[in-house]
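Numbering (the numbering used here), first residue to last: 7 to 465.
All residues carry an ideal CB built from backbone N, CA and C; glycine is no exception.
Just below is one structure, and these are the notes that go with it.
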Ligand code: UDX
């Protein structure tokens, strides 16, 4: 029979987490760390030097920086449009330092046994390291289930030609047979390097299948049918306990200082009147696209709050490429900031719609506040998320022709002024209710979290 003493030594409450060093991945990993900490786990974060989180915001965690050699390629961030390159590089450059750090942590004197390591799915190399050290690895997948299904289905390596279609090709608007929700024009946006994308996604998916379990930042009711499909393909335990930011906001893990002065400006705007615009932490747009956004916002005549991240516009430091006298002409109707407290902005009663790049975090944050979207996906999983928003959940309008002022004006009007927009708002409000139910006692996310805690304690 187990004594209390033996239970406490058998059931370890110590966990090590390893986020991919980009904003959209750091936020959910640190939120997950906080969630598990409140359930009694002791947290150690191994992290790259690049985009290092601020330990002073997390005095209750231990932080272990490792060498990542990212500085050798960091100057390519603004120019290299192949997003897969950076993740593939980190999967090589972090191997030795991560392995040494993890091995040391496992034998740290005076510390209790480590139950498992939780690593970002994009850090696929960590599965082999964990296997060698005989430590269970659980994966955190920071994008939606639909993205994983699409990545599994798309012929990245074998049919490269379909990634290079242009408007002139007859198939451009046609559905992709392997994943009919997507059009060929969407997959042209996913990556400029199909071979790199194919290598990255097959490594990610294979090592997810080899893991001890998968944590998803989503909730069952949002992606129920995809969850069934995935559970046949990924026969490891799955935990859908999101959206994580509903347990803990992302402000503590923000890499850029959030401009909170705009909250008092929002207070002065009429309810549901403001168009909130942000394209996330990694997307870049060209000068001409930037100008189309500005003209679109100017032409619609509604108040707007626009996040322009420094360096987001290719070849500009910040706002140099705005149309002449734009800020003077807009006066108090428009505000531009470098980075916002996004979750508070979306929760503000004045916010009427979110013009977004459809990063998975932004998409979830908008759903949680019942805010309909205008979709301008730029790369990676974003075109897939945007199709779900516009064609499956029907809670937003996708800018089918990209950044172009006439289309922008029409899309904003459809969401903010037309009956169609009201219906989108009703549907997204319904999803908001479902989020709240899933997180409440007995709801699907709440039960999934309990299952995850029991599962980790079983190691
Ligand atoms: C990218 C991918 O597109 C995403 O789907 C993937 O899962 C992670 O990498 P990113 O461009 O960072 O994501 O966008 P998103 O996933 O939306 O995350 C951005 C985060 O930054 C959100 O949590 C958002 O609240 C926060 N943010 C954004 C701010 O705090 N302030 C801002 O002004 C803009």
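Check your understanding: Excluding sequence positions up to five away, which residues of its chain have a Cβ less than 8 Å from the Cβ of residue 43?
Key -> Here residue 43 is taken as the residue at index 37 of the chain shown, counted from 1. Same-chain partners within the cutoff: 49, 66 and 67.
Check your understanding: Helix, strand or coil: which one does DSSP assign to residue 91?
Key -> By 1-based counting over the chain shown, the position of residue 91 is 85. In this structure, residue 91 counts as helix in the three-state DSSP scheme.
Practice item. For residue 102, verify whether its CB is less than 7 Å away from any heavy atom of ligand 1. Key: Along the chain shown, read from residue 1 onward, the residue named residue 102 stands at position 96. Every heavy atom of ligand 1 is 7 Å or more from the Cβ of residue 102, so no.
**Study point:** Contacting residues, own chain, Cβ-Cβ under 6 Å from residue 46 (five flanking each side not counted)
**Key:** By 1-based counting over the chain shown, the position of residue 46 is 40. Cβ within range, chain order: 19.
**Study point:** Three-state secondary structure assigned by DSSP to residue 412
**Key:** One-based indexing of the chain shown puts residue 412 at position 406. Correct three-state label for residue 412: helix.
Review point. What number of angstroms, rounded off, separates the C-alpha of residue 455 from the C-alpha of residue 445?
Key: Start at 1 with the first residue of the chain shown, and residue 455 comes out as number 449. Start at 1 with the first residue of the chain shown, and residue 445 comes out as number 439. Spanning the alpha carbons of residue 455 and residue 445 requires a straight line of approximately 9 Å.
Check your understanding: Since residue 126 is in the beta strand (DSSP E), which residue starts that stretch and which ends it?
Key -> On the chain shown, position 120 is the one that residue 126 refers to. Counting along the chain, the beta strand (DSSP E) containing residue 126 begins and ends at 120-126.
**Study point:** the region 423-441 in contact with the region 369-389 per 3-pair CB rule at 8 Å
**Key:** yes
Exercise for review: Please classify residue 313: is it buried, with 16 or more other beta-carbons within 10 angstroms of its beta-carbon, or exposed?
Suggested key: Taking the chain shown and counting its residues from 1, the one referred to as residue 313 is at position 307. Counting Cβ neighbours within 10 Å, residue 313 comes out buried, since at least 16 surround it.
Practice item. Determine the burial state of residue 335: buried for a count of at least 16 other Cβ atoms within 10 Å of its Cβ, exposed for fewer. Key: Taking the chain shown and counting its residues from 1, one reaches residue 335 at position 329. Residue 335 is exposed by the Cβ-count criterion.
**Study point:** Exposure of residue 239, with buried meaning 16 or more beta-carbon neighbours within 10 Å
**Key:** Counting from 1 along the chain shown, the entry for residue 239 is found at position 233. Residue 239 is exposed by the Cβ-count criterion.
Practice item. Would you tell me roughly how many angstroms separate the C-alpha atoms of residue 158 and residue 151, rounded to the nearest one? Key: For the purposes of this step, residue 158 is taken as residue 152 along the chain shown, with counting starting at 1. For the purposes of this step, residue 151 is taken as residue 145 along the chain shown, with counting starting at 1. Near 11 Å, if we compare the C-alpha coordinates of residue 151 and residue 158.
Check your understanding: Straight-line CA distance for residue 97 to residue 305?
Key -> Here residue 97 refers to the residue found at position 91 when the chain shown is read from its first residue. Here residue 305 refers to the residue found at position 299 when the chain shown is read from its first residue. Going from the Cα of residue 97 to the Cα of residue 305 covers about 45 Å.
Exercise for review: Would you identify the three-state DSSP class for residue 130, choosing helix, strand or coil?
Suggested key: Taking the chain shown and counting its residues from 1, one reaches residue 130 at position 124. Three-state DSSP puts residue 130 in coil, outside helix and strand.
Review point. So the beta strand (DSSP E) residue 358 belongs to, where does it begin and stop?
Key: Translated into the one-based positions of the chain shown, residue 358 becomes position 352. Looking at the DSSP string, the run of the beta strand (DSSP E) that includes residue 358 is 357-362.
Practice item. Evaluate residue 37 with the Cβ neighbour count: other Cβ atoms within 10 Å of its Cβ, from every protein chain shown; 16 or more gives buried, anything less gives exposed. Key: Stepping through the chain shown from its first residue, residue 37 is reached at position 31. Buried is the call here.
Check your understanding: Nearest-angstrom Cα distance between residue 163 and residue 203?
Key -> Residue numbering aside, residue 163 sits at position 157 when the chain shown is read from its first letter. Residue numbering aside, residue 203 sits at position 197 when the chain shown is read from its first letter. CA-to-CA, the gap between residue 163 and residue 203 works out to about 8 Å.
Check your understanding: Just to confirm, does residue 345 get its C-beta within under 7 Å of one of the non-hydrogen atoms of ligand 1?
Key -> Your numbering for residue 345 matches position 339 in the chain shown. Residue 345: yes, Cβ under 7 Å from ligand 1.
Exercise for review: Just the C-alpha distance for residue 170 and residue 197, rounded to the nearest angstrom, thanks.
Suggested key: In the chain shown, counting from the first residue as 1, residue 170 sits at position 164. In the chain shown, counting from the first residue as 1, residue 197 sits at position 191. For residue 170 and residue 197, the distance between alpha carbons rounds to 10 Å.
Point to revise | Closest by C-alpha distance to residue 130, when choosing among 93, 117 and 409 | key: Along the chain shown, read from residue 1 onward, the residue named residue 130 stands at position 124. Looking at the Cα atoms, 93 is the closest of the given residues.
Point to revise | Residue range of the unbroken alpha helix (DSSP H) whose run includes residue 427 | key: For the purposes of this step, residue 427 is taken as residue 421 along the chain shown, with counting starting at 1. Start and end: 425-445.
Check your understanding: From which residue to which residue does the beta strand (DSSP E) around residue 466 run?
Key -> Outside the shown range of the chain, which is 7 to 465, sits residue 466, and nothing can be said about it.
Exercise for review: Check the C-beta distance from residue 440 over to residue 230 and give it rounded, since I have them as a contact under 8 Å.
Suggested key: Stepping through the chain shown from its first residue, residue 440 is reached at position 434. Stepping through the chain shown from its first residue, residue 230 is reached at position 224. Going by Cβ atoms, the distance from residue 440 to residue 230 rounds to 10 Å, so no, they are not a contact pair.
Check your understanding: So residue 411 packs on residue 251, CB below 8 Å; how close in whole Å?
Key -> If you number the chain shown from 1, residue 411 lands on position 405. If you number the chain shown from 1, residue 251 lands on position 245. Actually they are not in contact, since the Cβ atoms of residue 411 and residue 251 sit about 33 Å apart, beyond 8 Å.
Review point. Would residue 225 pass as a contact of residue 464 if the rule is Cβ separation under 8 Å?
Key: One-based indexing of the chain shown puts residue 225 at position 219. One-based indexing of the chain shown puts residue 464 at position 458. Not in contact: residue 225 and residue 464 (Cβ atoms no closer than 8 Å).
Exercise for review: Within the same chain, show all residues whose beta-carbon is closer than 8 Å to that of residue 184, passing over the 5 residues directly before and after it, in chain order.
Suggested key: To locate residue 184, count along the chain shown from 1; it is residue 178. 159, 160 and 161, listed in sequence order.
**Study point:** C-alpha gap between residue 112 and residue 119, whole angstroms
**Key:** The residue given as residue 112 occupies position 106 in the chain shown. The residue given as residue 119 occupies position 113 in the chain shown. Their Cα atoms are separated by approximately 7 Å.
Review point. For ligand 1, any of its heavy atoms closer than 7 Å to the Cβ of residue 366?
Key: Working through the chain shown from its first residue, we reach residue 366 at position 360. Yes, the Cβ of residue 366 comes within 7 Å of a heavy atom of ligand 1.
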